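Note sheet for the following structure.
There are 2 protein chains.
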Amino acid sequence: MSLDAIFFDVDDTLFSTSEFAARARRAACEAMVAVGLRLDVEEVEAELREVVAEFSSNYENHFDQLLRRIPARTFKGVNRAILVAAGVKAYHDTKLTDLRPFPDAVHLLRDLAELDLIRGVITSGRTIKQAEKLLRLELYPYLTPTAIYISAQIGINKPNTKLWRRACSDLNLKPARCMYVGDRLQRDIDPANALGMVTVHLKRGGKHQGEEGDSAADHTIEHFDELRAILVRDYELTLPPAAPRAP
Amino acid sequence: MSLDAIFFDVDDTLFSTSEFAARARRAACEAMVAVGLRLDVEEVEAELREVVAEFSSNYENHFDQLLRRIPARTFKGVNRAILVAAGVKAYHDTKLTDLRPFPDAVHLLRDLAELDLIRGVITSGRTIKQAEKLLRLELYPYLTPTAIYISAQIGINKPNTKLWRRACSDLNLKPARCMYVGDRLQRDIDPANALGMVTVHLKRGGKHQGEEGDSAADHTIEHFDELRAILVRDYELTLPPAAPRAP
């Protein structure tokens, strides 16, 4: 059996979103304290975690919400705009220092880009934010430019199977000859299975690690070197051996 | 005569906004071409300059408008989100490398911060964007935290004199004992003059250089070392001599 395309989820699949977000939030809280917020960084962090859990993912508003939730006396005499800007700036700056792909994902994508095979992404999230991640992770050059599917740009969100079907039909692909790699059983594996795609469940930590699904993935991996071996063994792809892992 | 406060405009006063914006736009256009836009960088830049001239200052939308204006065939096969994200990312990244204050402004503010004198800003623009500039320029530590006035945060915009009056009344200051430093005659100098503040017109290039006003500034300078000398000579401030200028 061979493949015409491999699609990847982005968050907690091509990079550790959970780890990045924790670092970025930490940096934001430290920055707010540095410009005059009179609370321990840990207290600010705990409150911000609650805000993130309760509201959707626009972090600029998250800092506004944070300030509404904490006692006003903790930032008396400090302009709210400076506090919010300090958080936003630190969060953005963390993207430059800490937004890094899994090295084994880069190696695999780079090698896949040498083959006659579509390399795409199917991801849930805000359009420009998700596109920016692909650029900052420096993975965009290895992807097929026409095979980037972002839920907000398409108007269909995970776990609706229409999102995967749309990618296949646009690119004239048979789902059975497409692989989908993601970290979440219900939102990634179940819908791709429902369409008859070959599914790969990446179990590598992240905040959704414990979730259950209704169907089983065709393959379960913890590292992209395993996927590389599977692609060679079961799907007739000609790929070089994995790079030696860092000790 | 002595002063209780000095307020500064931000854009094209504490740093060269015009120069920064030109560099950031150039970087954005180069980035869009790098991800697949098939136009010369100069053509993209010319179109973006028109967009900026025609629309207000939210640069994320600017890139969307840019794509609407140019022939779709110039980016066929490239996801619009990638093009916009490339522009946004390059623009943001330029802030880290190119957003620098005038060195003489830093020196003066640092020395003013040693005195018993309010150092504030009165600036027009979006709240978080303007606050972020003060942090990125690393001028915030020299400012009086309660003396930061951003038009969008206050709900009053330049050239309405109420903006300057609000700053004075909040801080319990007599306008006649306050100085305002800005680069635009109609939007900075005229309203501050109308309130009876001491006005300083900074003529240092920038896109509004040629504008005329209805009143004359009390002082006209091209460099903050001149203001330093004026503050010592006319306003009884004790300031060290200016740092030697770079050759």
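Residue numbers (our numbering), protein chains in the order written: chain F, 792 to 1038; chain E, 792 to 1038.
Think of the CB as a built atom: it goes at the ideal place given N, C-alpha and C, for glycine as much as any other residue.
Source: prediction; values computed, not measured.
is_contact[residue i, chain E] using C-beta, thresh 7 Å
i	result
Thr1029(F)	no
Gln944(F)	yes
Residue i: first and last residue of the uninterrupted beta strand (DSSP E) it sits in
i	result
Tyr940(E)	939 to 941
Gly911(F)	909 to 914
Val826(E)	From DSSP, Val826(E) is part of no beta strand (DSSP E); its letter is neither H nor E.
Phe798(F)	796 to 799
Thr1011(F)	1010 to 1012
Tyr971(E)	969 to 973
Whole-angstrom C-beta distance between residue j and residue i, which should lie under 8 Å
i	j	result
Ser942(F)	Ser915(F)	4 Å
Arg814(F)	Asp889(F)	5 Å
Gly1001(E)	Gln977(E)	Contact doesn't hold; Cβ gap of about 12 Å is too wide.
Ala876(E)	Ala922(F)	4 Å
Leu899(E)	Leu1018(E)	6 Å
Asp1016(E)	Asp884(E)	Contact flag wrong, Cβ pair sits at about 32 Å.
Gln856(F)	Val869(F)	Not a contact, Cβ separation roughly 17 Å.
Val879(E)	Ile913(F)	About 22 Å; that fails the 8 Å criterion.
Leu993(E)	Ile1012(E)	6 Å
Arg816(F)	Glu836(F)	6 Å
Residues of its chain near residue i, where Cβ-Cβ distance is below 6 Å and the 5 sequence neighbours each way are ignored
i	result
Tyr971(E)	Phe798, Ala983, Met988, Thr990
Val1023(F)	Leu1030
Val824(E)	Val832
Arg1036(E)	none
Ile909(E)	Ala796, Thr935, Ala938
Leu925(E)	Tyr931
Gly997(F)	Asp803, Ser809, Asp974
Asp1009(E)	Val989, Thr990
Ala881(F)	Ala818, Ala819, Ala822
Leu964(F)	Asp795, Ala796
Leu844(F)	In the sequence under discussion, the amino acid at residue 844(F) is Ala, which differs from the Leu named in the question. Nothing meets the Cβ criterion.
Contact set between residue i and chain F, taken where Cβ atoms lie within less than 8 Å
i	result
Leu887(E)	Asp884, Leu887
Tyr931(E)	Val826, Ile873
Chain F residues whose Cβ lies nearer than 7 Å to that of residue i
i	result
Glu923(E)	Ala876, Val879, Lys880
Arg927(E)	Lys880
Under 9 Å by beta carbon: chain F residues contacting residue i
i	result
Pro936(E)	Val826, Gly827, Gly868, Val869, Asn870, Ile873
Ile939(E)	Asn870, Ala872, Ile873
Contact list for residue i against chain E, beta-carbon separation under 7 Å
i	result
Thr918(F)	Ala872
Same chain, Cβ closer than 8 Å to residue i, neighbours up to 5 away in sequence not counted
i	result
Leu874(E)	Met823, Val826, Gly827, Leu828, Phe854, Leu858, Phe866
Pro892(E)	Leu805, Phe806, Leu928, Glu929, Leu930
Ile947(F)	Lys953, Leu954, Arg957
Under 9 Å by beta carbon: chain E residues contacting residue i
i	result
Arg1024(F)	Here the premise fails: no neighbours, minimum Cβ distance about 33 Å.
7 Å Cβ cutoff, residue i in contact with chain F
i	result
Ile861(E)	no
Val947(E)	The question names Val, yet the displayed sequence has Ile at residue 947(E). By this cut-off, Ile947(E) is not an interface position.
Boundaries (first-last residue) of the alpha helix (DSSP H) holding residue i
i	result
His898(F)	894 to 903
Val989(F)	It is not in any alpha helix (DSSP H) - Val989(F) instead sits in the beta strand (DSSP E) that spans 989 to 993.
Gly878(E)	871 to 889
Tyr1026(F)	1015 to 1026
Asp981(E)	981 to 986
Ser807(F)	Note, Ser807(F): premise wrong, no alpha helix (DSSP H); not H, not E.
Leu925(F)	918 to 927
Ser793(E)	Here Ser793(E) belongs to no alpha helix (DSSP H), and DSSP marks it neither H nor E.
Thr1029(F)	Here Thr1029(F) belongs to no alpha helix (DSSP H), and DSSP marks it neither H nor E.
Ala863(E)	Neither: Ala863(E) is in no alpha helix (DSSP H) and is coded neither H nor E.
Ala958(E)	953 to 961
Chain-order list of residues whose beta-carbon lies under 7 Å from that of residue i (same chain, five-residue window excluded)
i	result
Pro950(F)	Gln977, Arg978, Asp981, Pro982
Glu1027(F)	Ser793
Arg901(F)	Tyr933
Arg871(E)	Leu858
Ile861(F)	Leu830, Glu838
Ile945(E)	Leu954, Arg957
Min CB distance residue i to chain B below 7 Å
i	result
Ile947(E)	Structure shown: chain B not included; protein chains present are F and E.
Residue i: CB within 6 Å of a non-hydrogen atom of the ligand NAP
i	result
Ala967(F)	Because no ligand of any kind appears in the structure shown, any question about the ligand NAP cannot be addressed here.
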